[in-house]
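Numbering (the numbering used here), first residue to last: 936 to 1379.
Just so it is clear, CB atoms sit at the ideal spot from N, CA and C, and this is done for glycine as well.
Remarks on the structure that follows.
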């Protein structure tokens, strides 16, 4: 006999949400007053504020400042139930979700599983690179960076030292640009104090972008200014270059040039994270689930998808909406309202994305912002954009405690460049052992 997960049956329609990212969290909140039973399933027991993960990776803030337990978020929502589990399969005919803790029955299913790192089939890259899609990834990167310098102190060989002190970031989107800027500031203001025996003038930070501009999707002004900021900060930006291979030590570019590093950070792309059990024709290119204008999965009546996993293909968005927080939040809010309409027999409202703009920060007093307010486009670069970026990210954090802690960290760091979060705790990336004798010819 099949085992069912233990969940109190309230007798009300069950809305099962798979995934507690921005979309899933917002949907659950929007159903607070609905006469339904909301069941959220996630393999973690917390929500992660992903836009600030790079600051965890670069020791600017602690991980607990950007994660918040689901049970704390919804402690006053009586119709909410959380289960810590991994979803293995969905049976749409029987309206069942198969999980690691048993079966969960649903009346309405919402897939909000987000996206995962896309290595484009490169298994060697997947094995050796560090991604930036989870808190574990961010902590892993922080541990690796700090461990590299500790290990460099024990070496005399110049090439081996450079392999530990140099960093290659692949992908010129917001994550790559923000990481490069943060590492540059650490190189200038923090690492020389922590490791005075090392020569940080020899520490190279490479940012590799396959296209001809950074921050694709933002304005030309933002792209040009971000490049200017990074070059002024000593980051070596490689445009129109692709990484052909990485073996854990040598980065080979598509033009034959090579770089040496033990730490390659992969921020070059994501792919959808669909659930097994959907019809193959519902899955589009990039592993995103095709939905209609109501975020209903094509081919189903009671299965929906929101956020990064959902591809709502329209004339205005032939590839679907951008895989960003804003579309996810807006889809989660509207779907909650639409489900209430559905229960009441009222027609659902189609989703219309309200693009509020994009932002990226490169360093202290350095940011770019393309905003859309009151039907006006506002483009800003520099100090004012940096203030906007800080304000938006602070108010977007889940709890008041998180906002206060992050604000205090930022204020302290602004004046001292000393966060105190430079701790090596847990796993770190280890590729080719340092003790191995390796002969490589490097062209930089």
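- If you check the CB distance, residue 1104 and residue 1143 come in under 8 Å.
- In terms of Cβ geometry, residue 1088 and residue 1133 form a close pair [threshold 8 Å].
- Cβ neighbours of residue 1077 within its own chain (closer than 6 Å, five residues either side excluded): 992 and 994.
- Under the three-pair Cβ rule at 8 Å, the segment 1224-1238 counts as touching the segment 1035-1051.
- Straight-line measurement puts the Cα of residue 1101 at about 5 Å from the Cα of residue 1138.
- Per DSSP, residue 982 lies in no alpha helix (DSSP H) segment; the continuous beta strand (DSSP E) that holds it begins and ends at 981-983.
- Counted as a single uninterrupted DSSP element, the beta strand (DSSP E) harbouring residue 972 occupies residues 972-977.
- Collapsing the DSSP output to three states places residue 988 in a helix.
- If the five residues before and after residue 1221 are omitted, its C-beta is found closer than 6 Å to the C-beta atoms of 1206 and 1207, all from its own chain and listed in chain order.
- For residue 959, the three-state secondary structure derived from DSSP is helix.
- About 4 Å separates the Cβ atoms of residue 1157 and residue 1303, confirming a contact at the 8 Å cut-off.
- Counting only runs of 4 or more residues that sit fully inside the segment 1244-1316, the alpha helix (DSSP H) segments are 1260-1278, in chain order.
- Here the C-alpha atom of residue 942 lies approximately 8 Å from the C-alpha atom of residue 1016.
- When C-beta atoms of the segment 1064-1073 are compared with those of the segment 1243-1262, fewer than three pairs fall below 8 Å, so the two segments do not count as touching.
- For residue 1148, the closest of 1322, 1125 and 1107 by C-alpha to C-alpha distance is 1107.
- Taking a 10 Å sphere around the C-beta of residue 1274, we find 16 or more other C-beta atoms and assign the residue as buried.
- For the 8 Å CB-CB criterion, residue 1005 and residue 1037 do not form a contact.
- Going by DSSP, residue 1034 is part of the beta strand (DSSP E) stretching over 1031-1034.
- Residue pairing of residue 1173 in beta bridges, as defined by DSSP: 1143.
- By the C-beta density criterion, residue 1003 is buried, having at least 16 other C-beta atoms within 10 angstroms.
- According to the DSSP secondary-structure assignment, residue 1040 is paired through a beta bridge with 1031.
- Excluding the 5 residues flanking it on each side, residue 1258 has same chain C-beta neighbours closer than 7 Å at 1050, 1205 and 1243, in chain order.
- The segment 1152-1169 makes no contact with the segment 1325-1342: fewer than 3 CB pairs, one atom from each, lie closer than 8 Å.
- Here the segment 1311-1318 does not lie against the segment 969-989, with fewer than 3 beta-carbon pairs under 8 Å apart.
- Membership of residue 1150 in any beta strand (DSSP E) is not indicated, and neither H nor E is assigned to it by DSSP.
- Between the C-alpha atoms of residue 1183 and residue 1199 there is a straight-line separation of about 8 Å.
- At the C-beta level, residue 1296 and residue 1116 come within 8 Å of one another.
- Taking all protein chains in view, the Cβ of residue 1181 is crowded by 16 or more other Cβ atoms within 10 Å, so the residue is classified as buried.
- When the alpha-carbon of residue 1321 is set against those of 1160, 1260 and 1202, the nearest one is in 1160.
- Runs of the alpha helix (DSSP H) spanning 4 or more residues and lying entirely within the segment 1181-1255 do not occur at all.
- Here residue 1305 is buried, its C-beta having at least 16 other C-beta atoms within 10 Å.
- The alpha-carbon separation between residue 1248 and residue 1095 amounts to approximately 49 Å.
- Assignment of residue 1128 by DSSP, reduced to helix, strand and coil, places it in the helix class.
- Residues of the same chain with a CB within less than 6 Å of the CB of residue 1079, apart from the 5 flanking positions on each side, are 1198, 1363 and 1364 in chain order.
- When C-alpha distances from residue 1328 are compared across 1310, 1214 and 1293, the shortest belongs to 1293.
- According to the DSSP assignment, residue 1351 belongs to the alpha helix (DSSP H) that extends over 1335-1351.
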